[in-house]
Amino acid sequence: MSDTPSRVPSEAPPGAVAWTPRRQTPLYRALAAWLLRVEAWLQSHGGPRLRRSLRVFWVALAAIGVLLLVGPVINKPLSFDDIVSSAGEATDTWIARSFDASYTLQRDETGSLVVHVEERITALFPDDVDEDGVERIIATQYEGHDLRPAIREVTWDGVAVEPRVRHDATRMTIRVDAGERMRGDHDLVLRYDLHDLAAPTQDASSRAWYEQVQWDVFGPDWRHGSAKKSLSVTVPQELAGAFARQPTAGLSWLLLSDSTTLTPDETTAEGIVYRTDNDQNMPPYSSFWFALRFDSGTFTMPEPSALYWVQVVGPFVPLLLLVLAIPLVISARRVAWADARGRPWFTMQEAPRVRGNPALDARLWRAWRTSALVDALAARTRDPADARRLLRVARRTGRLGDLLGAWLHYRGARAYRTQFAEELRRIPRGFVRDGFLGAALALTALQWGLVRQLSYQVALSRYWWPGAIVVVSTLLAAIVLAVALSARPLTRSGTRAVEHLRGQELFLHQTSARERTSLTDPLLPYIVMFAPARAAGRAVAGALEASGVADSVRADPRFVTGPRLLLRTTAIVVFLAACAVSFLTTASTRHGLDHFELLRDVDGDYGVYVSDVDISADIVRGGDGSVRMEVTESMTATVDANVRAIPQVTRIWRDRVDGHDQALTVESVEVDGAAVPFEQSRLKGYAFLQSRMPDDWPGEHDIRVTYTLADPASAVKSDGRWLDQIRWTVLLPWWVETWEGVDHEPQHLAVSVRLPADLAGELTGENGWLDELPHRPLRPPTPFGSSVEQGGKVVIRFEADRAGQYEPGNEWPSASAYVGAQLRFPAGALGETSHQEWTVDSLVVALPWILAPSLTVFAVGLSGVGIARSRRPGRWQEGGAFRDAVRWLPPWFTAAQFPLFGWAAADMYGDEPLFPLLLVCLGVSVVASVWVLVVTRPPRSAAARPAGRRG
């Protein structure tokens, strides 16, 4: 708290200095006044009994949070095992012998969607089932809004009945009681309406927005087996014209699923009827669904429901309350729990206060950064050990690494407790403080419990971030607790004592006591108390060094000097850097990502089955002597009709070779001669292309992709000379798998390169087709075969058929290898290339060979020096940087090799030469480090010598 002097009041004694405490902001004053009114009201309306009741409330709220955190999950989704085991229990309840659902869509006068539903269920009750009715569960919430289901009619065996209806938060349960135990077949007919059964949705494959109706006919909790199933959807003519994608329907159970595209079955007065049937016997918890996708703007979208806002805001309520508690607790600390009001003036004081001592006064002054030094000065005797201890404390005072130790000493010393024993400080009590402490603990426990419960609800997890909420709420609670628990305001007596210290500080400042003090000055503890921490430490250390104490301290092995601290920090930083390298980077020895791994989580990559592939590249010279590659990929493909995501033309290329970016740009994507929309981006470090077809496009198609490598040439050093190189990766490993399907697989592959005849004449070194594994040492390429000259250009081409891949001379490439071409030319033939890119990339590739062996050299070298010097008698009784170098660096350098070993050897087979090298380095380092730790340990007598305490 900073204070400013002002005009001296008339009642002050002569020579007094005016002192006006800092005035708090209007916000803090207003919040504190409100808190004081709340405290007074609670005190007047309840007293101790109400206080105990509020404590019980916070304990109960915390207990609820703990129960949510460690207890059973409310409305826990069924696990894989639960659903599998339910298949064996299908006959424990009634079975749907037939399920016929009819949905009729209608757009009302407001533009909202209304769906009229009719369900005809034939329920079979086995003889050993003891049930007297049926329950039908219908979802009442869809994508954040209320479906407002309205029952029109229910019949049981042809007789109209009045069902019992129970509404829960997200579902409606309709129960029809027959009044007696059921046997055999019974017919249930339900007719009801659903409103606003559509929601805006973005297709993951086409990235197009549309209004989607996706509905599970069975409902959210279908616990029955089913046999014959029938679904019909009637769409009015005007809505059928607004389809953004063809309607689909499907059946699924766990990982098994099947879907189909719905086609018009008939046309009635109500509209176009789409129908699908299925006679498979399905176990409980299966799904029978349909999806209709309309253009955006087809329907009037409803407002989110109240439950939606509860689901969105609910997880944040404890967090928001903790946010509100922050300004309240700070205002209470600064105003309501402020120090007792003192006099608006103080007088200069030449001597310490009566009944005071430096340790206690340092706590009153809140000089926690220098309290350890004050205590050490006050307790100093003529013992040399005290002098050494004082110097160590002085050198630590004010340093960043001393913050925690200084705070613990400040709070842990007896003088801190003396403040309260002598009633110089007080601990605030009352309803408000109890409320802050209870809220911080209870709301945090409740927040953790909510996070744990809602983490099981996949549909809700997209609205919030569980991990971030836990971290932020815990941090806020810690702040509230720290502010509330650390409030220790001065009493009126404590305020008078601080006024005396303020006058003493003025006296020491005006007399320049710090510049002329000595170790024998009785006011030195107060000079240190009022001085900045680092300056105080330097002043005392300088005085001690002038008296010759420093030399004995340097010989103390327990005193960590600056160089020793730097060595220890370096050792730990090396280990942390090795961990960072292993976790944040990929070693050059790791297996490269293949085609299948790169596209595994990409929507729309499946469903395009390529049979014929013809890829041609044309190398074109520029006016400045540089070259570019113009590539055309022609494919014949069969596109599937019944897939979850719209199949898209998907390609991925390796366009960064040997540290050089080839600047790949996709020019166009054509299907059957017509351009289609596409998007180019990067995926895991590779160039990625995907078309954006808005609807299914089944059948056989001709696909054409054209792209350009604006800078395909790079520099490479081979056999001691620089060359220009074009390394073109046509297909990534396992390229076959992503183009395969049932009864479909690539059959024909052709790759060709066209280059100017004069450039072809300059080819030198290793040139040919690439067919290599991405994680094995580079092998020489397969030499190009014969070439032909066409129109002043040389064409190099190979063709292969899958049918003859095992025949001698067949060039069908391995599915697990790269497919591409390598062309090398004399330096300068392809324009200006960068030698630096190749050098940096070579260094990165060599890092697995450099890092661990280098650490081993340092570890073994330092260990050897330490072991050799250990023969000197009494050597390690002395401290110093040399001992830390040989004792700290080798073990930490050895520890750093463990993450580096995993980083480099994770994908190794064990026969690579690097693998035994890493093992030998690690073993030798471990032996050397253990050896040097043993020989450099301090003698038992030195280890047992007490180091002294800080206070």
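Residue numbering for the sequence shown follows this note's numbering, beginning at 62 and increasing consecutively.
Just so you know, even glycine gets a beta-carbon here, dropped at the ideal spot from N, CA and C.
Which of helix, strand or coil DSSP assigns to D945:
By one-based count along the sequence shown, residue 945 stands at place 884. Helix.
CA-CA distance, I182 and D248?
As a first step, residue 182 is located in the sequence shown; it is residue number 121 there, counting from the start. As a first step, residue 248 is located in the sequence shown; it is residue number 187 there, counting from the start. In a straight line, the C-alpha of I182 is about 6 Å away from that of D248.
Rounded to a whole number of angstroms, what is the C-alpha to C-alpha distance between S313 and A221?
On the sequence shown, residue 313 is found 252 positions in, with the first residue counted as 1. On the sequence shown, residue 221 is found 160 positions in, with the first residue counted as 1. Spanning the two alpha carbons is a distance of roughly 33 Å.
Run through DSSP, which three-state label would Y747 get?
Counting from 1 along the sequence shown, the entry for residue 747 is found at position 686. Correct three-state label for Y747: strand.
Just checking my contact of E823 with A890 at CB under 8 Å: how many whole Å lie between their CB atoms?
As a position in the sequence shown, residue 823 is number 762, starting the count at 1. As a position in the sequence shown, residue 890 is number 829, starting the count at 1. Your pair E823 and A890 checks out as a contact, with CB atoms roughly 5 Å apart and the cut at 8 Å.
Is the CB of R885 under 8 Å away from at least one CB in chain B?
This model lacks chain B altogether; it includes just one protein chain.
On the DSSP letters alone, give me the boundaries of the beta strand (DSSP E) that T165 sits inside.
Within the sequence shown, residue 165 is the residue found at index 104, counting from 1. That run of the beta strand (DSSP E) goes I156 to R168.
Among V371, T201 and R242, which has the Cα closest to the Cα of H228?
Reading the sequence shown from its first residue, position 167 is the one you call residue 228. That would be T201, whose Cα lies nearest to the Cα of H228.
In three-state terms, what does DSSP make of H896?
Taking the first residue of the sequence shown as 1, we reach residue 896 at position 835. Helix.
Cross-strand partners of H762 (DSSP beta bridge)
What you label residue 762 is simply residue 701 of the sequence shown in a count that begins at 1. DSSP, once it has assigned bridges, lists A698 as partnering H762.
Is it true that the segment 280 to 298 meets the segment 211 to 219, where meeting means three or more beta-carbon pairs spaced less than 8 Å apart?
Cβ pair count under 8 Å is below three, so no.
Cα-Cα separation, R394 to I387
Residue mapping note: residue 394 aligns to position 333 of the sequence shown, counting from 1. Residue mapping note: residue 387 aligns to position 326 of the sequence shown, counting from 1. Between R394 and I387, the C-alpha separation is close to 11 Å.
Look at the Cβ atom of W509, then the Cβ atom of Y471, and state whether they are nearer than 8 Å.
Here the question's residue 509 lines up with position 448 in the sequence shown. Here the question's residue 471 lines up with position 410 in the sequence shown. Not a contact, by the Cβ cut-off of 8 Å.
Given that a residue counts as buried once 16 or more other Cβ atoms are within 10 Å of its Cβ, and exposed if not, what is L644?
Within the sequence shown, the letter at position 583 stands for residue 644. The displayed chain sequence assigns Phe, not Leu, to residue 644. Within 10 angstroms of the beta-carbon of F644 lie fewer than 16 other beta-carbons, which makes it exposed.
Can you tell me whether P977 is helix, strand or coil according to DSSP?
For this step, residue 977 is matched to residue 916 along the sequence shown. If DSSP states are grouped into helix, strand and coil, P977 belongs with the helices.
Under the assumption that G194 contacts A239 (Cβ atoms under 8 Å), give the Cβ distance between them as a whole number of angstroms.
The count along the sequence shown starts at 1 and reaches residue 194 at position 133. The count along the sequence shown starts at 1 and reaches residue 239 at position 178. The pair is a contact, with the Cβ atoms about 5 Å apart (cut-off 8 Å).
M590, DSSP secondary structure in three states
For this step, residue 590 is matched to residue 529 along the sequence shown. Correct three-state label for M590: helix.
Look up L816 in the DSSP assignment and say whether it is helix, strand or coil.
As a working mapping, residue 816 is identified with position 755 in the sequence shown. In the three-state scheme derived from DSSP, where H, G and I count as helix and E and B as strand, L816 is classed as strand.
Would a C-beta distance cut-off of 8 Å place G462 and T556 closer than the cut-off?
Position 401 of the sequence shown, counting from 1, holds the residue named residue 462. Position 495 of the sequence shown, counting from 1, holds the residue named residue 556. Remark: C-beta atoms of G462 and T556 do not approach each other more closely than 8 Å.
Taking contact to mean at least 3 C-beta pairs separated by less than 8 Å, is the segment 705 to 718 in contact with the segment 743 to 755?
Of all C-beta pairs linking the segment 705 to 718 to the segment 743 to 755, three or more are shorter than 8 Å, placing the two stretches in contact.
Can you tell me where the alpha helix (DSSP H) with S677 in it begins and where it stops?
In the sequence shown, counting from the first residue as 1, residue 677 sits at position 616. No alpha helix (DSSP H) contains S677, which is instead part of the beta strand (DSSP E) from V669 to R682.
Which same chain residues end up closer than 6 Å to T262 when comparing Cβ atoms and leaving out the 5 residues on each side of it in sequence?
Start at 1 with the first residue of the sequence shown, and residue 262 comes out as number 201. So the qualifying residues of the chain are Q273.
Within the continuous beta strand (DSSP E) that includes A230, where are the two ends?
For the purposes of this step, residue 230 is taken as residue 169 along the sequence shown, with counting starting at 1. Where A230 is concerned, there is no enclosing beta strand (DSSP E), given that its DSSP letter is neither H nor E.
Hey, how far is the Cα of P773 from the Cα of G686?
The count along the sequence shown starts at 1 and reaches residue 773 at position 712. The count along the sequence shown starts at 1 and reaches residue 686 at position 625. Straight-line Cα distance between these residues: approximately 13 Å.
Rounded straight-line distance, which links the Cα of E241 to that of Y524:
By one-based count along the sequence shown, residue 524 stands at place 463. By one-based count along the sequence shown, residue 241 stands at place 180. In this prediction, Y524 scores a pLDDT of 48, lower than 50, which makes its location untrustworthy; the coordinate-derived value is nonetheless stated afterwards. Distance between the alpha carbons of Y524 and E241 is about 47 Å.
Quick check: the Cα distance between E850 and V688, rounded to an integer number of angstroms?
Reading the sequence shown from its first residue, position 789 is the one you call residue 850. Reading the sequence shown from its first residue, position 627 is the one you call residue 688. Taking the straight line joining both Cα atoms gives about 19 Å.
Following the continuous beta strand (DSSP E) through P379, name the residue where it begins and the one where it ends.
Along the sequence shown, read from residue 1 onward, the residue named residue 379 stands at position 318. That residue, P379, is in no beta strand (DSSP E); its alpha helix (DSSP H) goes V378 to S392.
Looking at the secondary structure, which residues open and close the alpha helix (DSSP H) in which P109 lies?
Reading the sequence shown from its first residue, position 48 is the one you call residue 109. G108 to V131 is the extent of the alpha helix (DSSP H) around P109.
Buried or exposed: where does E566 fall if 16 or more other Cβ atoms within 10 Å of its Cβ makes it buried?
Numbered from 1 along the sequence shown, position 505 holds the residue referred to as residue 566. Taking every protein chain shown into account, the CB of E566 has 16 or more other CB atoms within 10 angstroms, so this residue is buried.
When DSSP builds the beta bridges, which residues end up paired with N136?
Counted from its first residue, the sequence shown places residue 136 at position 75. Looking at the DSSP assignment, N136 forms no beta bridge with any residue, so it has no partner.
For Q938, the three-state DSSP class (helix, strand or coil)
Reading the sequence shown from its first residue, position 877 is the one you call residue 938. Annotation note: pLDDT 49 at Q938 (below 50); position unreliable, no value reported.
Tell me which residue opens and which closes the alpha helix (DSSP H) that T505 is part of.
Locating residue 505 in the sequence shown gives position 444, counting from the first residue. Segment F492 to L515, the alpha helix (DSSP H) holding T505.
Segments assigned alpha helix (DSSP H), at least 4 residues, entirely inside the segment 261 to 327:
Within the segment 261 to 327, complete alpha helix (DSSP H) segments of at least 4 residues are found at 298 to 301, given in chain order.
Can you tell me which of the three DSSP states G781 falls into?
Start at 1 with the first residue of the sequence shown, and residue 781 comes out as number 720. Looking at G781 - three-state DSSP - the assignment turns out to be coil, as it is neither helix nor strand.
Alpha carbon to alpha carbon, what distance is there between A269 and S357?
The count along the sequence shown starts at 1 and reaches residue 357 at position 296. The count along the sequence shown starts at 1 and reaches residue 269 at position 208. C-alpha separation (whole angstroms): 10 Å.
When the Cα atoms are used, what is the spatial distance from Y587 to A482?
Translated into positions along the sequence shown, residue 587 becomes position 526. Translated into positions along the sequence shown, residue 482 becomes position 421. The alpha-carbon atoms of Y587 and A482 are separated by roughly 22 Å.
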